[in-house]
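S.K.: Numbering (this note's numbering), first residue to last: 30 to 161. Cβ atoms here follow ideal geometry from the backbone N, Cα and C, with glycine treated the same way. The structure's right below; bear with me while I get my questions together.
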Amino acid sequence: MTPESQKDAVSTAGLKVLERFMTALNAYDAAAMDTCMHFPHVRMAESNVAVYSAPGSNPMDLFDRLKAVDNWHHSAWDVQELIQWNEAKAHWRLTYTRYRDDGSIIGRYDSLYILTSQSNVWGIQARSSFGP
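Given below as structure tokens:
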């Protein structure tokens, strides 16, 4: 496989995972979010580091707080850039926006996601975000 075709394959697989993840997040579907992740899964947000050891351990209380405090309705990717990769791991520079029900913006946040391929299945292994 040429470097260019490898990048295309990794990019295509990664974008599919990221879109499924955002769809699941917006549907408030923890089980569907889990299918997009590999475990253990690491999440860094604000000054906290959380390790989710298995499916079902991703707390959804963040979304309850976002709904209660900010009237969060949905989020959307703004930037999805594959910045480093090989056949088993990919680093993605991402930016997403959180929106209220009326379409107004709550905030825009930069993130770094690390996707890995395990048994030929790509999933999010770790994510670090400047959002809460």
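Would you mind sorting residue 156 into buried or exposed? The rule is 16 or more other CB atoms within 10 Å of its CB.
M.R.: Residue 156 should be labelled buried.
S.K.: Keeping to the same chain, check which residues put their C-beta closer than 8 Å to that of residue 104; ignore five residues upstream and five downstream.
M.R.: 51, 54, 55, 125, 126, 127, 128.
S.K.: Per DSSP, which residues does residue 136 bridge with? Please list them.
M.R.: DSSP, once it has assigned bridges, lists 127 as partnering residue 136.
S.K.: Kindly confirm or deny that the region 86-93 and the region 129-144 touch, where touching means at least three C-beta pairs closer than 8 Å.
M.R.: No, because fewer than three Cβ pairs between the region 86-93 and the region 129-144 fall closer than 8 Å, the two stretches do not touch.
S.K.: Measuring only the C-alpha atoms, how far is residue 75 from residue 40?
M.R.: Each residue's alpha carbon lies about 28 Å from the other.
S.K.: Can you tell which of 67, 95, 30 has its C-alpha closest to the C-alpha of residue 161?
M.R.: Residue 161 has its Cα closest to that of 95, out of 67, 95, 30.
S.K.: Exposed or buried, which one is residue 119 when buried takes at least 16 other CB atoms within 10 Å?
M.R.: When all chains shown are included, residue 119 counts as buried.
S.K.: Quick one: grab the DSSP three-state call for residue 157.
M.R.: Strand.
S.K.: Residue 33: beta carbon under 7 Å from a heavy atom of the ligand PLP?
M.R.: Ligands are entirely absent from the displayed structure, and the ligand PLP is therefore not among its contents.
S.K.: Which of the three DSSP states is assigned to residue 51 in this structure?
M.R.: Three-state result, residue 51: helix.
S.K.: Any idea if residue 57 is buried or exposed, counting beta-carbon neighbours within 10 angstroms, 16 or more meaning buried?
M.R.: It is exposed - the Cβ of residue 57 has fewer than 16 other Cβ atoms within 10 Å.
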